[in-house]
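Colleague:
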Amino acid sequence: MSNTYQRIVLASRPDGEPTPQNFRLESVAVPEPAEGQVLVRNHYLSLDPYMRGRMNDGKNYAQPQPLDEVMIGGTVGEVVASRHPNYKAGDQVVGMGGWQQYQLADGNQPGVLRKVDTSRIPLSAYLGAVGMPGVTAWYGLVKLIAPKAGETVVVSAASGAVGGAVGQLAKARGCRAIGIAGGPEKCAFVVDELGFDACIDYKAHRDLGSLSAALKAAAPDGVDGYFENVGGMVLDAVMLQMNAFGRMAFCGMISGYNGEPIPMANPQLILTSRLKVEGFIVSEHMEVWPQALGELGTLVASGKLKYRETVAPRIEDAPEAFIGLLKGRNFGKQLVKLV
Ligand code: NDP
Numbered sequence: 000m001s002n003t004y005q006r007i008v009l010a011s012r013p014d015g016e017p018t019p020q021n022f023r024l025e026s027v028a029v030p031e032p033a034e035g036q037v038l039v040r041n042h043y044l045s046l047d048p049y050m051r052g053r054m055n056d057g058k059n060y061a062q063p064q065p066l067d068e069v070m071i072g073g074t075v076g077e078v079v080a081s082r083h084p085n086y087k088a089g090d091q092v093v094g095m096g097g098w099q100q101y102q103l104a105d106g107n108q109p110g111v112l113r114k115v116d117t118s119r120i121p122l123s124a125y126l127g128a129v130g131m132p133g134v135t136a137w138y139g140l141v142k143l144i145a146p147k148a149g150e151t152v153v154v155s156a157a158s159g160a161v162g163g164a165v166g167q168l169a170k171a172r173g174c175r176a177i178g179i180a181g182g183p184e185k186c187a188f189v190v191d192e193l194g195f196d197a198c199i200d201y202k203a204h205r206d207l208g209s210l211s212a213a214l215k216a217a218a219p220d221g222v223d224g225y226f227e228n229v230g231g232m233v234l235d236a237v238m239l240q241m242n243a244f245g246r247m248a249f250c251g252m253i254s255g256y257n258g259e260p261i262p263m264a265n266p267q268l269i270l271t272s273r274l275k276v277e278g279f280i281v282s283e284h285m286e287v288w289p290q291a292l293g294e295l296g297t298l299v300a301s302g303k304l305k306y307r308e309t310v311a312p313r314i315e316d317a318p319e320a321f322i323g324l325l326k327g328r329n330f331g332k333q334l335v336k337l338v
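Written as structure tokens, this is what we have:
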């Protein structure tokens, strides 16, 4: 085992789009676990859109990421040394290890590490379909949209970690699932691999009328549930097709994460179509995680829930991969391989 490891800290706060200069790669000594601590070698780091909000100093639903500290992030890895009775070397764990190759965790802190079984589910999936993004999909769909068989559900960022699961969970409930994604390759994957009924390439539609017409053609009976990940023209187009008493789960608005304005063209539709709109943060609904992870794990292990990963090969690639995620350069769950 090397005596040092690499980690990435937040060096400065971005103004608009993040740049590689906002991050700093450091080399530090591998620590020894003290009594009650567990040393984990992180195998994969999850890159997620929420990290962009944490890089700001302003008001958000979560605390800002402190400068000069390791970037926050979900990780999966293996225990290499333990001075806690619940963990032993070789255990595979998921946690919030951050952008670094090793983490020292307090084994007594509830929820800081969760042991996972990789006999039927790949380790990396615990950062995607059987992890936080999967539970996000499950919560927004099952608890907020609450679709009935035969209804039509639309999801944006449909080829991604959250969106891909939303459509497949909707199909499993007997719904018609329609994705919206950027580019023909992503749309082909959403239909051919993930099994959605249709997918609309929003980049092929330059104005609201055109995108809305494409959605109408794909959803001739209107839209009953919308899982929102993007905002802007995509949201406007879906709202025009919402049926009376439709439900919209507001999960993300990635088109505005770098500070771009995201006006809503027709808010009056919330009233005239009697829409239910609810935003949510998945970490505030820990009570559903066991049930959601149970269903997601069963579906992934049996091959019924499919997903795709984009893996950056080294820790030093994490900043560029993260910047790319905010521009749609990822295709499926964005990970960084740390080992
Ligand atoms: P994805 O794997 O879907 O990756 C992000 C995708 O967003 C990109 O691939 C791209 O897809 C799309 N995108 C990026 N920039 C834009 C843009 N300017 N306009 C339109 N689309 C864009 O990420 P996740 O599945 O991890 O996250 C999806 C959403 O869910 C995000 O908004 C995220 O913030 C949210 N989220 C919310 C949680 C909550 O608790 N509320 C928890 C987890 C995630 P494409 O090429 O198709 O445009």
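0 is the number of the first residue of the sequence shown in numbering that gives the first Met the number 0; add one for each residue after it. For glycine and all other residues, C-beta sits at the position ideal for the given N, C-alpha and C. Remember, it's a predicted structure, so these values are computed and weren't measured experimentally.
1. What does the alpha-carbon distance come out to for the pair residue 188 and residue 31?
2. Quick check: what's the CA-CA separation for residue 259 versus residue 86?
3. Run the CB neighbour count on residue 270, radius 10 Å, all protein chains shown included, and call it buried at 16 or more, exposed below.
4. Taking 6 Å as the cut-off, does the CB of residue 250 come closer than this to any heavy atom belonging to ligand 1?
5. Who are the Cβ neighbours of residue 220 in its own chain at under 7 Å, not counting the five residues just before and after it?
6. On the DSSP bridge assignment, give the partners of residue 40 in chain order.
7. Expressed to the nearest angstrom, what Euclidean distance is found between the alpha-carbon atoms of residue 166 and residue 178?
8. Got a sec? Which residues, its chain only, sit under 8 Å from residue 25 by beta carbon, not counting five neighbours each side?
9. Going by the C-beta, is residue 260 closer than 6 Å to any heavy atom of ligand 1?
10. Can you check DSSP and say which residues form a bridge with residue 309?
11. Does the beta-carbon distance from residue 226 to residue 139 come in below 7 Å?
12. Going by DSSP, what residue range makes up the alpha helix (DSSP H) through residue 170?
13. Based on the DSSP secondary-structure assignment, which residues constitute the bridge partners of residue 174?
14. Buried or exposed: where does residue 18 fall if 16 or more other Cβ atoms within 10 Å of its Cβ makes it buried?
15. Would you say residue 329 touches ligand 1, meaning its beta carbon is less than 6 Å from a heavy atom?
16. Quick check: the Cα distance between residue 89 and residue 37, rounded to an integer number of angstroms?
17. What are the partner residues of residue 344, as DSSP defines its beta bridges?
18. Roughly how many angstroms separate the alpha carbons of residue 130 and residue 229, rounded to a whole number?
19. Using CA atoms only, rank isn't needed, just tell me which of 117, 72 and 68 is closest to residue 299.
20. Are residue 158 and residue 43 touching if we call contact CB-CB under 7 Å?
21. For the candidate residues 2, 3 and 22, whose alpha-carbon lies nearest to that of residue 11?
22. So, at 6 Å on beta carbons, what are the nonlocal neighbours of residue 66 in its own chain, with the 5 sequence-adjacent residues on each side left out?
23. Name the one or two DSSP bridge partners that residue 125 has.
24. Here's the rule: buried if 16 or more other CB atoms are within 10 angstroms of the residue's CB, otherwise exposed. What is residue 237?
25. Taking a contact to mean a Cβ-Cβ separation below 7 Å, would you say residue 94 touches residue 69 in this structure?
26. Check whether the segment 193-206 touches the segment 169-178, counting contact only when three or more Cβ pairs, one atom from each stretch, lie closer than 8 Å.
27. Taking the Cβ atom as the reference point for each residue, do residue 154 and residue 222 lie within a distance shorter than 7 Å?
28. Check for me: the beta strand (DSSP E) holding residue 131 runs from which residue to which?
29. Residue 144 lies in the alpha helix (DSSP H); which residues open and close that run?
30. Between which two residues does the beta strand (DSSP E) holding residue 227 run?
31. Give the secondary structure of residue 198 by DSSP, where H, G and I count as helix, E and B as strand, and everything else as coil.
32. Which same chain residues, not among the five before or five after residue 317, have their C-beta less than 7 Å away from its C-beta?
33. Could you tell me the boundaries of the beta strand (DSSP E) in which residue 91 lies?
Modeller: In short:
1. 45 Å
2. 45 Å
3. exposed
4. yes
5. 151
6. 77 and 101
7. 7 Å
8. 5, 6, 7 and 8
9. no
10. 333
11. yes
12. 160-171
13. DSSP output for residue 174 lists no bridge partner at all.
14. exposed
15. yes
16. 12 Å
17. Residue 344 is absent from the model: the chain starts at 0 and stops at 338.
18. 21 Å
19. 117
20. no
21. 22
22. 9
23. None, per the DSSP bridge assignment.
24. buried
25. no
26. yes
27. no
28. Looking at the DSSP string, residue 131 is not in any beta strand (DSSP E); the run it does join, the alpha helix (DSSP H), is 131-137.
29. Here residue 144 belongs to no alpha helix (DSSP H), and DSSP marks it neither H nor E.
30. 222-227
31. strand
32. 7, 44, 46, 98, 311 and 335
33. 91-94
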